[in-house]
Amino acid sequence: MAYTDYDTIGTGYDGTRQADAYLVGRLLTLLDRPPGSRILDVGCGTGNYTSALQVLGLSMTGVEPSERMLAEARTKDPEVAWVTGSAEALPVADGSFDGAIGTLTTHHWTDLEQGFREVQRALLPGSPFVLLLATPEQTGRYWLSHYFPDAIARSCEVLPSVPTTRSALERAGFRITVEEPYSIRPTLQDLFLYSAKEEPQRYLDEGFRKGISTFAALTGSDELNTGLQRL
């Protein structure tokens with residue numbers, strides 16, 4: 006399932022990727038933990054959402070396998086505990102967190118259910134786990150598929166489906182209490198794959214594409230050039 010070498014694309018990643026205020030607010034609301042609560046961010050990347058929640062009063066730990074991503078994360082907030090590790094083998098003690106988040110990360114895991122079991126192990130009983138997901142059901146409908154069909158198809162192949170994710174969570178011991186749809190907002194600050202759906206010209210910008218794993222890792226040069234010419 007994992008496919009992106011973030012040690013390669015980590016440099017410059019934050020040029021287009023930052024914590025989105027609306028998404029930070031939803032994470033905080035859905036976590037519903039008091040200030041000082043210990044929260045684990047699994048696959049934290051460069052720590053944008055980790056740092057944003059730390060500023061809002063939570064005690065954050067970010068776990069990330071990419072050293073380059075973590076090096077960038079460490080420059081943002083020295084109060085956060087930044088830890089090298091993977092979802093499938095979290096380097097944390099049992100029951101050491103009051104909640105956990107994962108933002109656009111599960112499609113990079115090598116074993117979805119094992120990752121969820123590790124999060125369950127790290128949490129105190131009954132603690133919340135909030136996920137922001139990209140799904141193949143959604144991604145397959147993007148108009149980008151008309152311009153980059155192979156890349157979008159490959160994205161859909163590596164994205165866990167909604168039923169797969171639900172099943173893996175339940176087998177890991179989680180009970181799903183809230184499922185909330187998300188649509189791209191005009192004010193979105195975190196410029197992931199479909200963030201420019203209303204501004205297609207932005208996909209012409211190499212710097213914009215660099216922070217999007219579909220373009221950085223899954224789009225061949227011929228398809229990229231052909232698609233950009235058609236845009």
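Mapping the sequence shown onto our numbering, position 162 (from 1) lands on 167, and the numbers just tick up by one.
Glycine is no exception: its CB is placed at the ideal position from the N, C-alpha and C atoms.
Note that this is a predicted model, so its numbers are computed, not measured.
In the DSSP assignment, find the beta strand (DSSP E) that holds V88 and state where it starts and stops.
Numbered from its first residue, the sequence shown carries residue 88 at position 83. Taken as a continuous stretch (DSSP letters only), the beta strand (DSSP E) holding V88 covers A86 to T89.
Please list, in chain order, all residues of the same chain as D227 whose beta carbon is under 7 Å from its beta carbon, the five residues on each side excluded.
As a working mapping, residue 227 is identified with position 222 in the sequence shown. Excluding sequence neighbours, D227 sits near nothing in its chain.
Once the 5 residues before and after P28 are set aside, which same chain residues still bring their CB inside 7 Å of it?
Taking the first residue of the sequence shown as 1, we reach residue 28 at position 23. It is Leu, not Pro, that sits at residue 28 in the sequence shown. Taking C-beta separations shorter than 7 Å and ignoring five residues to either side along the sequence, the partners of L28 in its chain run L137 and D195, following chain order.
H151: buried (16+ other C-beta within 10 angstroms of its C-beta) or exposed?
Against the sequence shown, residue 151 aligns to sequence position 146. With fewer than 16 other Cβ atoms inside 10 Å of its own Cβ, H151 counts as exposed.
What is the DSSP secondary structure of G50, counted as helix, strand or coil?
Numbered from its first residue, the sequence shown carries residue 50 at position 45. Reduced to three states, the DSSP call for G50 is coil.
Give me the residue from T80, L233 and L129 with the minimum Cα distance to P205.
Counting from 1 along the sequence shown, the entry for residue 205 is found at position 200. Of the candidates T80, L233 and L129, the one whose C-alpha sits nearest the C-alpha of P205 is L233.
Can A222 be considered in contact with the ligand PLP, in the sense that its beta carbon sits closer than 7 Å to one or more heavy atoms?
Absence of the ligand PLP is noted for the structure shown, with no ligands found whatsoever.
Quick check on the DSSP output: the alpha helix (DSSP H) that includes S226 runs from which residue to which?
Taking the sequence shown and counting its residues from 1, one reaches residue 226 at position 221. Start and end: S226 to R235.
Specify the secondary structure class of V124 as computed by DSSP and reduced to three states.
Here residue 124 is taken as the residue at index 119 of the sequence shown, counted from 1. Helix.
Using the Cβ count rule (16 or more neighbours within 10 Å means buried), how would you classify G15?
In the sequence shown, counting from the first residue as 1, residue 15 sits at position 10. At G15 the pLDDT is 45, less than 50, meaning the model places this residue with poor confidence; the figure from the coordinates comes in the next sentence. G15 comes out buried.
For a quick check, are the C-beta atoms of D46 and T55 less than 8 Å apart?
Taking the first residue of the sequence shown as position 1, residue 46 is located at position 41. Taking the first residue of the sequence shown as position 1, residue 55 is located at position 50. For D46 and T55, yes; Cβs fall inside 8 Å.
Between the Cα of A127 and the Cα atoms of T219, D25 and V68, which residue gives the shortest distance?
Here the question's residue 127 lines up with position 122 in the sequence shown. Taking only the C-alpha atoms, the option nearest A127 is V68.
Nearest CA to the CA of S188: which residue from S91, P130, F179 and Y147?
For the purposes of this step, residue 188 is taken as residue 183 along the sequence shown, with counting starting at 1. Closest option to S188, Cα to Cα, is Y147.
When you compare each of T144, A57, L36 and R31 to R22 by their alpha carbons, which one comes out closest?
One-based indexing of the sequence shown puts residue 22 at position 17. Of T144, A57, L36 and R31, the residue nearest in Cα terms is A57.
Hey, T108 and M74: beta-carbon distance below 8 Å or not?
Walking along the sequence shown from the start, residue 108 turns up at place 103. Walking along the sequence shown from the start, residue 74 turns up at place 69. No.
Per DSSP, G67 forms a beta bridge with which residues?
As a first step, residue 67 must be located in the sequence shown, where it is residue number 62. Answer is D46 and W87, bridged to G67.
What residue does the alpha helix (DSSP H) around H30 start on, and which one ends it?
Here residue 30 corresponds to residue number 25 of the sequence shown, with the count starting at 1. Per the sequence presented here, residue 30 reads as Gly, with His not at that position. Start and end: A26 to L36.
How would you call G30, buried or exposed, if buried means at least 16 neighbouring beta carbons within 10 angstroms?
The residue labelled residue 30 in the question sits at position 25 within the sequence shown. The residue in question, G30, is exposed, as its Cβ has fewer than 16 Cβ neighbours within 10 Å.
Examine the Cβ distances between the region 156 to 175 and the region 203 to 222 and report whether three or more of them are shorter than 8 Å.
With the cut-off at 8 Å, the region 156 to 175 and the region 203 to 222 touch.
I need the DSSP call for I217, collapsed to helix, strand or coil.
The residue given as residue 217 occupies position 212 in the sequence shown. For I217, the secondary structure class from DSSP, reduced to helix, strand or coil, is coil.
CB-CB under 7 Å to S166, same chain, minus the five flanking residues each way: which ones, in chain order?
Position 161 of the sequence shown, counting from 1, holds the residue named residue 166. Counting only Cβ-Cβ distances below 7 Å, and skipping sequence neighbours, we find T140, P141 and E142.
Within the chosen definition, does the region 116 to 134 reach the region 74 to 85 through at least 3 CB pairs nearer than 8 Å?
no
Would you mind listing the alpha helix (DSSP H) stretches within the region 142 to 202 that are 4+ residues and don't spill past its ends, in chain order?
154 to 163 and 167 to 176
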